[in-house]
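Each remark here refers to the structure printed beneath this line.
Numbering (our numbering), first residue to last: 33 to 558.
So this is what it looks like as structure tokens:
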């Protein structure tokens with residue numbers, strides 16, 4: 033329970049709405065709740081029955097709200113003066129939004145809906161309440177001259193950060209509207225999973241969804257949680273793309289039902305892209321939503337699948353055709369896992385990191401270029417750094433655009449070509465990475481043909497991808513691509529491409545005719 037306190041004009045309602053959206057929680061404005069129940073305004077209650085009666089009603093409403101489901105709650109400015117309310121707030125995370133008296137009055141103006149504004153001793157009331165705000169709060173943030181969005185991010189960062197994290201761990205805040213959370217990146221984090229998982233007050237059970245290749249990782253997690261309050265169960269699923277089937281979804285849900293899993297319980301996906309997507313889909317739909325955490329064990333899972341909330345189930349006509357966007361409560365990226373799994377989804381992860389660098393960060397791209405040997409060998413310290421940088425890029429984009437209505441589409445750089453290539457390439461553990469690499473090369477050829485990028489940037493694509501052993505040439509026909517594109521979920525009277533106008537300068541919605549695309553495929557075949 034997060035409770036916002038502060039003098040009138042501090043922005044409790046505005047910030048409360050935004051904070052609740054980011055955390056995926058309901059928002060309760062106690063003053064509004066009282067007015068709705070009493071069917072009269074706060075001013076009318078003051079006029080009819082006096083402040084003492086209002087404070088009694090207010091106190092009872094606050095206690096009831098604090099005993100209810102988790103929410104973001106905004107209190108009236110004077111609520112903290114009631115001793116019973118102060119006592120009730122002990123169990124909540126109370127955030128004091130501090131604002132100076134003059135600024136508060138300036139913000140509120142002559143609001144007739146605020147009965148205290150008519151009090152000639154308003155400054156004395158302000159000074160009288162200050163010690164109470166400080167006494168009940170666990171976090172104080174200055175709310176003056178700052179945008180509400182900035183204050184919300186500060187609160188979320190504090191709320192989602194564990195009390196302690198292992199030395200050397202780097203944490204990245206992901207704060208989309210669907211649920212803010214931290215991604216923790218480091219070595220040996222599985223041993224500390226109990227302190228990295230958020231405290232879910234009503235959860236009793238944890239379900240570890242994994243395939244056989246991650247059994248040792250799942251065992252480590254259960255051992256690390258042996259002294260926790262949770263009962264831990266294993267749910268083993270088929271490996272690879274077989275995990276992302278409706279048959280597997282049904283099987284996992286049946287196991288949850290047999291165990292009487294509740295919506296407060298926690299599903300943890302342990303594995304690569306298929307497991308992250310499967311666990312996310314199950315958590316999003318079983319009981320109409322359960323708590324979700326992800327422990328990606330492959331490089332691809334760590335830099336892509338576990339970040340952003342996407343999940344999906346395959347159909348015979350294509351991958352991830354059915355899915356939702358559902359945010360986890362936390363992501364624990366133990367670099368040791370991706371080092372162990374260098375034979376699976378490693379090249380796919382490399383391709384994703386190169387993509388992130390191309391669309392957002394020339395400095396990161398140079399690190400990937402100059403340090404390619406160490407990254408390819410999976411040197412833990414270097415791998416941790418590039419995974420952190422890649423996560424930062426994706427987290428920033430997802431935070432700004434969770435539902436792919438704006439800049440999140442840039443994460444699809446090379447994907448319009450790549451997803452089609454993926455369906456035409458022979459099966460393999462890193463087919464996605466190979467297809468993504470070819471897709472980025474094709475997108476680069478398209479941008480070059482449209483006079484958007486220079487030969488040097490075209491050559492840089494080829495150089496960096498080649499350094500990591502990723503393919504930069506392939507033979508495909510325009511007829512085959514058009515056949516695949518017609519089934520694309522983003523098909524809209526033709527396909528649209530993401531191209532670069534330079535490193536860190538992506539542009540979406542770009543069209544190209546068949547003649548140009550045939551030329552691109554001819555370039556790619558050489």
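Ideal Cβ positions, reconstructed from N, Cα and C, are used throughout, including at glycine.
None of the values given here were measured: they were computed from a predicted structure.
Practice item. Report buried or exposed for residue 466, applying the criterion of at least 16 other Cβ atoms within 10 angstroms of its Cβ. Key: Within the chain shown, the letter at position 434 stands for residue 466. Of the other Cβ atoms in all chains shown, 16 or more fall within 10 Å of the Cβ of residue 466; this residue is therefore buried.
Practice item. Within 10 angstroms of the Cβ of residue 424, are there 16 or more other Cβ atoms? Answer buried if so, exposed if not. Key: Here the question's residue 424 lines up with position 392 in the chain shown. With 16 or more Cβ atoms within 10 Å of its Cβ, residue 424 is classed as buried.
Point to revise | Reference residue 302, options 363, 341, 255 and 152, closest by Cα | key: Here residue 302 refers to the residue found at position 270 when the chain shown is read from its first residue. Between residue 302 and the set 363, 341, 255 and 152, the nearest pair of CA atoms involves 363.
Review point. Looking only at DSSP bridge pairs, what is residue 79 linked to?
Key: Stepping through the chain shown from its first residue, residue 79 is reached at position 47. DSSP output for residue 79 lists no bridge partner at all.
Point to revise | Within the segment 153-223, ranges of the alpha helix (DSSP H) (whole runs, at least 4 residues) | key: Here the runs fully enclosed are 154-168 and 180-192.
Point to revise | Per DSSP, the bridge partner or partners of residue 342 | key: Reading the chain shown from its first residue, position 310 is the one you call residue 342. DSSP lists 357 as partners of residue 342.
Check your understanding: Start and end of the alpha helix (DSSP H) containing residue 265?
Key -> To locate residue 265, count along the chain shown from 1; it is residue 233. Careful: residue 265 lies outside any alpha helix (DSSP H), inside the beta strand (DSSP E) at 263-268.
Check your understanding: For residue 325, which beta-bridge partners are listed by DSSP?
Key -> Numbered from 1 along the chain shown, position 293 holds the residue referred to as residue 325. BP columns for residue 325 point to 300 and 362.
Review point. Taking buried to mean at least 16 other C-beta atoms within 10 Å of its own C-beta, is residue 164 buried or exposed?
Key: Counting from 1 along the chain shown, the entry for residue 164 is found at position 132. With 16 or more other Cβ atoms within 10 Å, it is buried.
Exercise for review: Kindly indicate if chain C contains any beta-carbon less than 8 Å away from that of residue 46.
Suggested key: Included in the structure is just one protein chain, with no chain C present.
Review point. In the DSSP assignment, what residue or residues form a beta bridge with residue 534?
Key: Taking the first residue of the chain shown as 1, we reach residue 534 at position 502. According to DSSP, residue 534 bridges with nothing at all.
Check your understanding: Between which two residues does the beta strand (DSSP E) harbouring residue 239 extend?
Key -> Translated into positions along the chain shown, residue 239 becomes position 207. For residue 239, the enclosing beta strand (DSSP E) begins and ends at 237-242.
Review point. How is the alpha helix (DSSP H) around residue 49 delimited, first residue to last?
Key: As a working mapping, residue 49 is identified with position 17 in the chain shown. Where residue 49 is concerned, the enclosing alpha helix (DSSP H) starts and stops at 44-55.
Check your understanding: Taking residue 210 as the reference, which of 512, 340 and 244 has the closest Cα?
Key -> Here residue 210 refers to the residue found at position 178 when the chain shown is read from its first residue. Residue 340 is the option with its Cα nearest to residue 210.
Exercise for review: Report back the beta-carbon spacing between residue 318 and residue 288 to the nearest angstrom; my notes put them in contact at under 8 Å.
Suggested key: The count along the chain shown starts at 1 and reaches residue 318 at position 286. The count along the chain shown starts at 1 and reaches residue 288 at position 256. Indeed they touch by this definition, with Cβ atoms about 6 Å apart.
Point to revise | Cβ-Cβ distance between residue 382 and residue 188 below 8 Å | key: In the chain shown, residue 382 corresponds to position 350, counting from 1. In the chain shown, residue 188 corresponds to position 156, counting from 1. Going by C-beta atoms, residue 382 is not nearer than 8 Å to residue 188.
Point to revise | At least 3 beta-carbon pairs within less than 8 Å: the segment 371-382 vs the segment 71-87 | key: Because the criterion of three Cβ pairs below 8 Å is not met, the segment 371-382 and the segment 71-87 do not touch.
Check your understanding: Which class does residue 132 belong to by DSSP, given the choice of helix, strand or coil?
Key -> Within the chain shown, residue 132 is the residue found at index 100, counting from 1. Residue state, collapsed to three classes: coil.
Check your understanding: So, using beta-carbon positions, are residue 107 and residue 43 closer together than 8 Å?
Key -> Translated into the one-based positions of the chain shown, residue 107 becomes position 75. Translated into the one-based positions of the chain shown, residue 43 becomes position 11. Going by C-beta atoms, residue 107 is not nearer than 8 Å to residue 43.
Point to revise | Opposing strand residues paired with residue 350 [DSSP bridges] | key: In the chain shown, residue 350 corresponds to position 318, counting from 1. In the DSSP output, where bridge partners are listed per residue, residue 350 has 347.
Review point. Where do the N-terminal and C-terminal ends of the alpha helix (DSSP H) with residue 389 fall, by residue?
Key: In the chain shown, counting from the first residue as 1, residue 389 sits at position 357. Start and end: 378-392.
Check your understanding: Considering only the beta carbon of each residue, do residue 558 and residue 505 sit closer than 8 Å?
Key -> Position 526 of the chain shown, counting from 1, holds the residue named residue 558. Position 473 of the chain shown, counting from 1, holds the residue named residue 505. It is a contact, given that the beta carbons lie within the stated cut-off.
**Study point:** Identity of the residues DSSP links to residue 59 by a beta bridge
**Key:** For the purposes of this step, residue 59 is taken as residue 27 along the chain shown, with counting starting at 1. 104, per the DSSP bridge assignment.
Check your understanding: Exposed or buried, which one is residue 234 when buried takes at least 16 other CB atoms within 10 Å?
Key -> To locate residue 234, count along the chain shown from 1; it is residue 202. By the Cβ neighbour-count rule, residue 234 is exposed, with fewer than 16 other Cβ atoms within 10 Å of its own.
Review point. If you check the beta carbons only, do residue 360 and residue 224 fall under 8 Å apart?
Key: Numbered from its first residue, the chain shown carries residue 360 at position 328. Numbered from its first residue, the chain shown carries residue 224 at position 192. No, these two residues do not count as a Cβ contact at 8 Å.
Point to revise | Straight-line gap, residue 238 to residue 57 (C-alpha atoms, nearest Å) | key: By 1-based counting over the chain shown, the position of residue 238 is 206. By 1-based counting over the chain shown, the position of residue 57 is 25. Roughly 21 Å separates the two Cα atoms.
Check your understanding: Which residue's Cα is closest to the Cα of residue 330: 280, 272, 95 and 510?
Key -> The residue labelled residue 330 in the question sits at position 298 within the chain shown. Among 280, 272, 95 and 510, the Cα nearest to that of residue 330 belongs to 272.
Check your understanding: Relative to the alpha-carbon of residue 135, which residue among 429, 38, 537 and 351 has its alpha-carbon at the smallest distance?
Key -> The sequence position of residue 135 within the chain shown is 103, counting from 1. Looking only at 429, 38, 537 and 351, the smallest Cα-Cα distance to residue 135 is reached by 38.
Review point. Among the residues of its own chain, which have a CB less than 8 Å from the CB of residue 308, if the five just before and after it don't count?
Key: As a first step, residue 308 must be located in the chain shown, where it is residue number 276. Here the set comprises 301, 326, 328, 333, 337, 338 and 343.
Check your understanding: Which residue comes first and which comes last in the beta strand (DSSP E) that contains residue 36?
Key -> In the chain shown, counting from the first residue as 1, residue 36 sits at position 4. 34-37 is the span of the beta strand (DSSP E), which, as asked, contains residue 36.
Practice item. Please classify residue 295: is it buried, with 16 or more other beta-carbons within 10 angstroms of its beta-carbon, or exposed? Key: Residue 295 sits at position 263 when you count from the first residue of the chain shown. Burial call: exposed.
Exercise for review: Could you check what DSSP says for residue 453 in three-state terms: helix, strand or coil?
Suggested key: As a first step, residue 453 must be located in the chain shown, where it is residue number 421. Collapsing the DSSP output to three states places residue 453 in a helix.
Check your understanding: So who's on the other strand from residue 529, going by DSSP bridges?
Key -> Locating residue 529 in the chain shown gives position 497, where the first residue counts as 1. In the DSSP assignment, residue 529 is bridged to 542.
**Study point:** 8 Å Cβ cutoff met for residue 105 and residue 33
**Key:** Stepping through the chain shown from its first residue, residue 105 is reached at position 73. Stepping through the chain shown from its first residue, residue 33 is reached at position 1. Result yes, Cβ atoms of residue 105 and residue 33 sit closer than 8 Å.
**Study point:** Euclidean distance between Cα positions of residue 208 and residue 440
**Key:** Walking along the chain shown from the start, residue 208 turns up at place 176. Walking along the chain shown from the start, residue 440 turns up at place 408. Straight across, the Cα-Cα distance linking residue 208 with residue 440 is about 11 Å.
Review point. Based on the DSSP output, what are the partners of residue 125 in its beta bridges?
Key: Counted from its first residue, the chain shown places residue 125 at position 93. Answer is 34.
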